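221 is the number that my numbering gives to position 219 of the sequence shown; each next residue is one higher, with no gaps.
Following: one structure in structure tokens, then a few remarks.
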Amino acid sequence: MLLAVMLVAFGIGSLPFGYWIGRLRGVDIRQYGSGNIGATNVFRVLGARAAIATLLLDAFKGWLPAFTVMQATHSDTYALLTGAAAILGHTFSPFMGFRGGKGIATGLGVLVGATPAVAGIAFLVWLVAFVLTRWVSLGSMLGAATVPIAAYWLNHSPEAVAILTIAAVIVIGRHWANIKRILRGQEPRFSFRRRVEPSLEQACLELAQTAVERFVLEGALIEPDPKRLPRALREPGSVFVALYQGEQLRGLAGSLKPQKPTRAHEIIHHATRAALLDPHRPPVEPDELPTLRYVVYLVESYEPLHDSSQVDPQRDAVLVEWQGRAQAIVPPMPDVRTPQEQIERAFARGGIPREAAARIYRIRLNRFG
């Protein structure tokens, strides 16, 4: 029975909420920041609300199995074994190719469900370390190291202390890259002041909006400040920028290959082109600016399309190339529900005969906005 319960706990723990929350926003969280699917990286990329949701859900999937078993058996050993299975599920999730997060939030949920007093002590240690250093990773490692010591001090069973010791070693081992960055002085410190370094989504949308408004109103191109931008925007990369009025596409521009030195410059360049040089729409007028909604797509990959079933209309764009040049692109749009409809719209937008020998590309995008 215990093994069956542990398998269920492993399955619950393997649910990659941080990754799924990113996907709901059109973003593969693994491509940005630290690449981790936990709440800290979600905060850096998508902001506070997405991070809080990730933190609570990751903690809940550790708390639920541990608390349930604790109430049913009154055995800290059984509850912690079940919780350890949830942590392993989070750390080696089958949904993520047996990779995953570092297990901090899930581990905290397990402790709250099985040994609340130990959870409180570990949290205080984490909080002190975090306040003094602003390193989430260092606080997490010190908190994890405190857990078996606190459990021993509070007279938990030897089996429970052993389980917590093994779990602490696994959690600390998952932070090996952080340890090396701390020793090199390269570990980023957490900051609540998002106006200094905004989330990736906020930075993308602010660049696009500011670029369009400045150019339409003043005829001036803005220059990005690299010191205020997330690392992903300081690197080269291709982007597309779409402008919407309600659900109606108002302008679209972008390229599959980078044309500027950084993604930030690409966003500025293509945002102004979408507003003024979209061949299918008139230029944006100043009185339209308050009505615009901005969407920035960072290109993850693109490849020739051999089968329409390869396209996900909610995530992918479709580009049609005819007579040696790109003719039309259709990004993910709310009213496009099937791959075939997206492809047909691309042909129609480019004025390409449906029977023409055109090449079709699927473009995998990370969406912000």
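Backbone N, C-alpha and C fix where the C-beta goes; we use that ideal spot for every residue, glycine too.
In this text, all values refer to a predicted model and were calculated from it rather than measured experimentally.
Counterpart residues of R361 in DSSP-defined beta bridges: Listed as beta-bridge partners of R361 by DSSP are E323.
Y21 (DSSP reduced to helix, strand or coil): Under the three-state reduction of DSSP, Y21 is assigned to helix.
Whether V218 touches V138 by CB criterion (8 Å): Going by C-beta atoms, V218 is not nearer than 8 Å to V138.
Where Q261 falls: helix, strand or coil (DSSP): If DSSP states are grouped into helix, strand and coil, Q261 belongs with coil.
Integer Cβ distance of R252 from R283, believed to fall under 8 Å: That pair is a contact at about 6 Å.
Distance CB(E304)-CB(L258) smaller than 8 Å: Sequence inspection shows Tyr at residue 304; the Glu mentioned does not correspond to that position. Yes, the Cβ-Cβ distance between Y304 and L258 is below 8 Å.
Exposure of A314, with buried meaning 16 or more beta-carbon neighbours within 10 Å: Note on identity: in this sequence residue 314 is Asp, with Ala being the wrong assignment. Burial check for D314: the Cβ neighbour count within 10 Å stays below 16, so the residue is exposed.
CA-to-CA distance, V112 to P67, given in whole angstroms: When rounded, the distance between both Cα atoms is 8 Å.
E215 (DSSP reduced to helix, strand or coil): Three-state result, E215: helix.
P306 in three-state terms, based on DSSP: Strand.
Closest Cα partner of G145 within the set N157, L166 and I31: Check the Cα spacing between G145 and each of N157, L166 and I31: the tightest is with L166.
Reduced DSSP category for F370 - H, G, I as helix; E, B as strand; rest coil: F370: strand per DSSP, three-state reduction.
Nearest-angstrom beta carbon gap, T84 and M8 [assumed within contact, 8 Å]: Going by Cβ atoms, the distance from M8 to T84 rounds to 6 Å, so yes, they are a contact pair.
Residue burial classification, Q344 (beta-carbon count within 10 angstroms, cutoff 16): When all chains shown are included, Q344 counts as buried.
Supposed contact pair T56 and F19 - C-beta distance, whole angstroms, cut 8 Å: Contact holds; Cβ gap of about 6 Å.
Assumed close pair K63, A81 - CB separation to whole angstroms, cut-off 8 Å: In fact, because the Cβ distance is near 15 Å, the residues do not count as touching under 8 Å.
Inter-residue spacing [alpha-carbon to alpha-carbon] between G248 and L209: Distance between the alpha carbons of G248 and L209 is about 20 Å.
N-terminal and C-terminal residue of the beta strand (DSSP E) that A11 is part of: A11 -> not in any beta strand (DSSP E); alpha helix (DSSP H) instead, spanning L4 to G15.
Whether V243 touches H272 by CB criterion (8 Å): Going by C-beta atoms, V243 is nearer than 8 Å to H272.
CA nearest to the CA of R32, picked from D78, Q204 and Y21: Out of D78, Q204 and Y21, Y21 has the C-alpha closest to the C-alpha of R32.
Contacting residues, own chain, Cβ-Cβ under 8 Å from A52 (five flanking each side not counted): If we look at A52 and ignore the five residues flanking it on each side, its Cβ neighbours are I23, G24, R27, V44 and F45.
Secondary structure of L300, DSSP reduced to three states: It is a strand residue.
Proximity of A437 and E323 at Cβ, strictly below 8 Å: Beyond the ends of the chain as shown, which are 3 and 371, falls residue 437; an answer cannot be given.
Neighbourhood of V198 by C-beta distance below 6 Å, restricted to the same chain and skipping five residues each side: In this predicted model, V198 has a pLDDT of only 45, less than 50, meaning its place in the structure is not dependable enough to derive any value.
Those residues which DSSP pairs with R186 across a bridge: DSSP, once it has assigned bridges, lists no residue as partnering R186.
Proximity winner among V47, M143, A61 and Q211, relative to L390 (alpha-carbon distances): With the chain represented from 3 up to 371, any question about residue 390 goes unanswered, as that position is not in the structure.
Assigned exposure category for M3 - 16 Cβ within 10 Å defines buried: Flag for M3 reads exposed.
Three-state secondary structure assigned by DSSP to L254: It is a strand residue.
For F242, the three-state DSSP class (helix, strand or coil): Three-state result, F242: strand.
One or two residues paired with Q247 in a DSSP bridge: Note: Q247 sits in a beta bridge opposite Q250 and L294.
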